[in-house]
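**Student:** Next up is a structure, given as structure tokens.
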Amino acid sequence: MTDTQKAKLMLVDDEVIITNQLEEFLTLMGYEIVAVASSGVEAIYMARLNRPDLVLMDVMMPGRDGHPGLDGITAARRIREEFNIPSIFITAYGGDQIISRAKDVEAFGFIVKPLQEQELRAAIEFALYRIRMERRLRESEEKYRFVVSTAAEAIITIDSKGNIAFCNPAVEKLFGYETEEIRGRPFSFIVPERLRLQFENEINRIVLTGESEIIGKTVESFGSRKDGTEFPMEYTLTTWEVREGIFFTIIARDITERKRIEQMKSDFVSLVSHQLKSPIAAVLGCIDNMLMGLTGDLNGRQVEYLEAMQEISERNYRIISDLLNVSRIERGILSVTIEHVQLFEVIEIAVQNHTRMAEDKGLEFVFDYPGDLITVHADRDKLIEALSNVVHNAVKFTEKGFIRIQAKKDKEYGIIEVEDSGRGIPEEALANLFQKEQIFQGAPSSQGGCGLGLYIAKQFVNLMDGDITVSSKLGEGSLFTFSVPLERSGN
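In this text, residue positions in the sequence shown follow the numbering used here: the first is 388, and each later residue adds one.
Next up, the structure:
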């Protein structure tokens, strides 16, 4: 039965006059009467044969034609159990015992004779509404079960205590356990031992506060198989609440193959970049010598060509350096050498590297230094490179005006601020600005790069226990703030 189809009804009463009147009455109301029965046994047979949507059942009926008596409530129970067809009970007797038995059968309505048109219509329509809602819910549950049971990802539900309440068949392939082996056990059971306490604490935090940084996000971690081996996996965690408390659904997938491919790509990039970096450095050295006149005098056109070659080579050298740095970051082999570093020196070198680029655009560098020197604990070369990347972007995206660089400190950190009067950054881009894949689309093509500078800068400074933040409004410029730990007494 759909919302637009006529509802199919079956009438059951041992009084023929009543069923005839009901059939005529209900037909005029727009219902289709598909069967009429006069006993409980006949009602079960007719229900099997005609499959009505709803049965209107008289409660008290004696047996007929030699059949033992089967009252309406018993017949309704059988019809509900065997065919999942509900009933509305019709009776002249409304005693507590009958009502109690009707409830046990999960009757969809109870009408006391004599029947009233409005009461009858309301009972039937309400019952049909329940039937449609139950059918939709059942279909939805069946679709959900099908999707869950055939999903390639492991789908796991855990309760507020962290125990596994449900898991789909994909869990067996991913973790090596039969579903019955892990149902009821802590989820941390399938997490490497070194990560179990961290996961348990996160679950407890969500239960107590309702807050977590990982809810709804994709998280990379590790799983533990039955044979004890670990494998890289990613999972998403969502929460939902019912009367019994808070529950969690985790969807996990094996990313071993993806990690293998990423490693191959990283190794390839590293190899190729190493092989390209040295030749380009040699070309830049030769160009510098020629521009300094060490190989003889040059005319204006030759200088112009050499400067163009120098700009292109420097850009390619920068791209290769970025790719190498990303490769080292992803392979976990990037290290820092912490030493005492003067912020003034770092700023001076980063600015010198971009003086010509700024002059070509008519931009002015504005400096704001405190009276005393600020010494930080940092990796000198990597801090210079990180600041250079930010200054480079500031110059690249500023068409006119200034680049202001300020050094200051608070109780724990040395601070460098790089402010520009450029075009600013769209608000929707700020959240992902330091991600590897983020490339600001406003760059002139002649100043192109691979969009890795800010990602590398952030990674470098994080390795020094520092941070980089940004604030910006479109059309009003940007402000990047470096925070690097100060030199501490006794260090």
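Each residue gets a CB set at the ideal place from its N, CA and C atoms; glycine is no exception.
1) On the CB-based measure, 16 or more other CB atoms within 10 Å of its CB, does Lys652 come out buried or exposed?
2) Of the residues Phe731, Cys673, His741, which one's Cα is nearest the Cα of Asp759?
3) Does DSSP put Glu717 in a helix, a strand or coil?
4) Do the CB positions of Ser700 and Leu671 come within less than 8 angstroms of each other?
5) Please state whether DSSP places Leu413 in a helix, a strand or coil.
6) Taking 8 angstroms as the cut-off, decide whether the C-beta atoms of Leu366 and Ser859 are in contact.
7) Here's the rule: buried if 16 or more other CB atoms are within 10 angstroms of the residue's CB, otherwise exposed. What is Glu772?
8) Using a Cβ-Cβ cut-off of 7 angstroms (strictly less than) and excluding sequence neighbours within five positions of Glu540, which residues of its own chain qualify?
9) Check the Cβ-Cβ distances between Lys783 and every residue of chain C, and say whether any is below 8 angstroms.
10) What are the boundary residues of the alpha helix (DSSP H) that includes Leu866?
11) When burial is assigned at 16 or more other CB atoms within 10 Å of the CB, is His727 buried or exposed?
12) Distance check for Phe553 and Ala538, CA to CA, integer angstroms please.
13) Can you find the residues in the same chain that come closer than 6 angstroms, C-beta to C-beta, to Ala765, ignoring five residues on each side of it along the sequence?
14) Where are the alpha helix (DSSP H) runs, 4 residues long or more, that stay fully inside the stretch 652-721, in chain order?
15) For the stretch 563-632, list the beta strand (DSSP E) runs that are entirely contained and at least 3 residues long, ordered along the chain.
16) Around the Cβ of Arg488, are there at least 16 other Cβ atoms within 10 angstroms (buried) or fewer (exposed)?
17) Evaluate Thr856 with the Cβ neighbour count: other Cβ atoms within 10 Å of its Cβ, from every protein chain shown; 16 or more gives buried, anything less gives exposed.
18) Quick one: grab the DSSP three-state call for Asn550.
19) In the DSSP output, which residue or residues are listed as bridge partners for Gly340?
20) Taking the beta strand (DSSP E) that Gly459 belongs to, which residues open and close that run?
21) Tell me the rounded alpha-carbon separation between Ile431 and Glu600.
22) Helix, strand or coil for Ile855 per DSSP?
**Tutor:** Considering the structure as presented:
1) The residue is exposed, with fewer than 16 neighbouring Cβ atoms inside 10 Å.
2) Comparing Cα-Cα distances from Asp759 to each of Phe731, Cys673, His741, the minimum goes to Phe731.
3) It is helical.
4) Their beta carbons are under 8 angstroms apart, which means Ser700 touches Leu671 by this criterion.
5) Per DSSP, reduced to three states, the secondary structure at Leu413 is helical.
6) Shown here, the chain extends from 388 to 878; a query on residue 366 therefore has no answer.
7) In summary, Glu772 is buried, with 16 or more beta-carbon neighbours lying within 10 Å of its beta-carbon over all protein chains present.
8) For Glu540, where only same-chain residues beyond five positions count, the Cβ hits under 7 angstroms are Ala557, Ile638, Ala639, Arg640.
9) No chain C appears in the structure shown, which is made up of a single protein chain.
10) If you look at Leu866, you'll find it isn't in any alpha helix (DSSP H); it sits in the beta strand (DSSP E) that goes 865-872.
11) His727 comes out exposed.
12) If I take the Cα positions, the gap works out to 14 angstroms.
13) Same-chain partners within the cutoff: Val728, Met851, Val871.
14) The qualifying runs are 687-718.
15) Counting only runs that start and end inside the stretch 563-632, the beta strand (DSSP E) elements of at least 3 residues fall at 605-611, 617-629.
16) Buried, because 16 or more other Cβ atoms sit within 10 Å of the Cβ of Arg488.
17) An exposed status is given to Thr856, since fewer than 16 other beta-carbon atoms sit within 10 Å of its beta-carbon.
18) If DSSP states are grouped into helix, strand and coil, Asn550 belongs with the strands.
19) Summary: the structure shown does not reach residue 340, with the chain confined to residues 388 through 878, and so no result is reported for it.
20) Element bounds for Gly459: not the beta strand (DSSP E) but the alpha helix (DSSP H), 459-470.
21) Going by C-alpha positions, Ile431 is about 57 angstroms away from Glu600.
22) Here Ile855 sits in strand by DSSP.
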